[in-house]
Amino acid sequence: MTVDGGLVDNTLDLPLARKVLASQPFSVLLGARLTAFGDGEATLELDLREDLLQQHGFAHGGLLGYAADNALSFAAGAAVGSGVMTAGFTIDFLRPAKGETLRAHARVIRAGRTRAVCRCDLTTVAADGTTTLCAVAQGTIAVTEPARDSERDAP
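All residue numbers for the sequence shown refer to numbering that gives the first Met the number 0, where the first residue is 0 and numbers rise by one.
Laid out in structure tokens, this is it:
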């Protein structure tokens with residue numbers, strides 16, 4: 000982050016977003032990785048290790064909640080800059096999450112000066128590449144450090 004005329008440059012790209020993720024100890028513990036980031040969208044992935052599963056062999060609901068929360072926030076950050084924080088989100092579990100990888104793909108529905116509303120689809124990816132939608136989430140993300148006007152208006 001640089002300071003220019005007293006304003007914080009909080010523009011993110013994929014390499015910087017990955018550094019932000021790597022600075023989150025819980026994300027590191029889970030092995031989370033950003034595989035896509037930009038234009039108001041973000042994709043976060045986690046390997047579904049045995050220690051992240053519940054007693055029936057499915058991904059624990061808390062893991063899906065974590066993935067949705069972080070993907071929603073990164074999607075908002077891709078639209079409005081790095082100064083964001085989750086204000087709230089809901090998640091609906093559609094079916095048990097079982098597979099090799101959990102993928103959370105979030106996108107901004109609408110971004111304003113103080114809040115962004117985002118949606119996230121959570122899918123599992125099987126060893127053969129088959130994907131299954133297992134949950135959907137919607138969140139409101141608070142903008143804590145608005146991007147400079149010149150960044151918002153850039154083509």
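Cβ coordinates follow ideal geometry from the N, Cα and C atoms, glycine included.
### Task
Tell me whether the beta-carbon of F25 lies closer than 9 Å to the beta-carbon of A77.
Sequence index remark: in the sequence shown, residue 25 carries index 26 (1-based). Sequence index remark: in the sequence shown, residue 77 carries index 78 (1-based). No.
### Task
Could you tell me whether any Cβ in chain B is nearer than 9 Å to the Cβ of L11?
No chain B is part of this structure, which consists of one protein chain only.
#### Entry: Environment of T129 [buried if 16+ CB atoms lie within 10 Å]
Numbered from 1 along the sequence shown, position 130 holds the residue referred to as residue 129. Classification for T129: exposed.
### Query
Can you pull the DSSP bridge partners for D91?
Your numbering for residue 91 matches position 92 in the sequence shown. In DSSP, D91 forms a bridge with V135.
### Query
When the Cα atoms are used, what is the spatial distance from R32 to C119?
Within the sequence shown, the letter at position 33 stands for residue 32. Within the sequence shown, the letter at position 120 stands for residue 119. Straight-line Cα distance between these residues: approximately 16 Å.
### Query
Which ranges does the alpha helix (DSSP H) cover as unbroken runs of at least 4 residues, wholly within the region 17-51, from first to last along the chain?
Those alpha helix (DSSP H) runs which fall completely within the region 17-51 and span 4+ residues are 24-29.
### Query
A136 to L43, Cα distance in whole Å?
Along the sequence shown, one-based indexing puts residue 136 at 137. Along the sequence shown, one-based indexing puts residue 43 at 44. So the alpha carbons of these two residues sit roughly 14 Å apart.
### Task
Can you say whether G56 is buried or exposed, counting buried as having 16 or more other CB atoms within 10 angstroms of its CB?
The residue you call residue 56 lines up with position 57 of the sequence shown. By the Cβ-count criterion, G56 is exposed, with fewer than 16 other Cβ atoms from all chains shown falling within 10 Å of its own Cβ.
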